[in-house]
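In the numbering used here, the protein residues as written are 648 to 892.
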């Protein structure tokens, strides 16, 4: 969890891997939920400067001492455009944006305007929809399964490193509050479910802005959804290049 892994690094790792896989496969399936990482592969991400460890420590110390409000306030001054776009409740995103502003000497938003990169493969984006009630119920069951599979033990083992940004995520932070004695385990589990549902709703808002996504309703015949997906991939393959779907 101490290692920092950016969307830019993900692009550098994922694109060559996809190209290599397409040498021996007709298509590659990439499944994910974070728009930033999906965009990094599909259209590329701007060159982001490497953050100096001294600067990273300074901002981390500021976060520990004065909280996220202090980070948000500085970001609002340095990059009001991105301030109005970013999830202000996500410390990892806000801290990273401030780091880039200070390291680059310019707004983070100004580094996110480069033209789309060309890829050596075709891309088809497929999104699956479920009724909200069904989606939320599946999220709740998934959290219960994670608890049954040992999430509490896993979080306890990471508890000494709770100050790391990478651990300030849904699932860990709620259990850290439980370990601190601020709530019961049942309350923490309920919060994990609530925050997971909130995150899913936010993801859907972002995905619906992407006009390239082909949406398929899973509330109907599942076989029909599979056939539609295969048809979309086949269409993309006929465009002349191999496909990343």
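Glycine included, every Cβ here is placed at the ideal spot set by N, Cα and C.
| Item | Value |
| --- | --- |
| Residues of its chain near residue 683, where Cβ-Cβ distance is below 8 Å and the 5 sequence neighbours each way are ignored | 654 and 692 |
| One or two residues paired with residue 867 in a DSSP bridge | None; residue 867 has no bridge partner. |
| Coarse secondary structure for residue 774, derived from DSSP in three states | strand |
| Per-residue DSSP class, three states only, for residue 733 | coil |
| Where the alpha helix (DSSP H) containing residue 790 begins and where it ends | 779-795 |
| Residue 878 burial status per 10 Å Cβ neighbour count (16 or more: buried) | exposed |
| Endpoints, the alpha helix (DSSP H) within which residue 848 is located | 832-854 |
| Bounding residues of the alpha helix (DSSP H) (the contiguous stretch that carries residue 662) | 654-668 |
| Spatially closest choice to residue 855 from 680, 662 and 667, by CA coordinates | 680 |
| Span of the alpha helix (DSSP H), counted from its first residue to its last, around residue 708 | 700-713 |
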